[in-house]
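Comments concern the structure below.
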Amino acid sequence: MTNQMDAFFAALSDPTRRAVIERLVSGPAPVGELHAPHDIALPTFLKHLKVLEASGLVRSEKKGRVRIVHIEAAPLAEAEHWLQRQRRIWESRLDRLGALAERLERERMSTGETP
């Protein structure tokens, strides 16, 4: 896993940051709008935005006196691909484990063993 992926998952480990991402799925928003539903001081909220920006999940741009925050799709797509690869690996391993358990159970039954 790359450092960028580590930053991605670390950024999503916080509920405030996840809520920001969920809101941004609907479209870009000014910092004030993103901050409003959270019961934390603005400087603390801005630290959360910095973590999201450092992870590559969001970018912001200044428009006049307002800072607009946008979601970035690339890190989400990269994480989704990584998770899909992990799912395939673990599904294969679990399938093999299930097959082994079934084979051992059949062998146990054929020899008359009790559990």
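Add 6 to a position in the sequence shown, counting from 1, and you land on the number used in my numbering.
Glycine residues also receive a C-beta, built at the ideal position from the N, C-alpha and C atoms.
Predicted, not measured: the structure shown is a model, and the values here were computed from it.
Straight-line gap, residue i to residue j (C-alpha atoms, nearest Å)
i	j	result
E113	W96	26 Å
A79	G62	9 Å
S19	V75	19 Å
E86	E67	26 Å
P43	P49	15 Å
G104	W88	24 Å
A13	L58	9 Å
V37	V72	8 Å
R24	K53	14 Å
R109	R29	49 Å
H41	A47	9 Å
As assigned by DSSP and simplified to three states, the class of residue i
i	result
I46	coil
P21	helix
P119	In the sequence as presented, Pro is not what sits at residue 119; that position holds Glu. The answer is coil: DSSP assigns E119 none of H, G, I, E or B.
G104	helix
V26	helix
V57	helix
Residues that residue i bridges to, as DSSP identifies them
i	result
I74	P36 and E67
Residue i classed as buried or exposed, judged by whether at least 16 other C-beta atoms fall within 10 angstroms
i	result
F15	exposed
T22	buried
V31	exposed
L100	exposed
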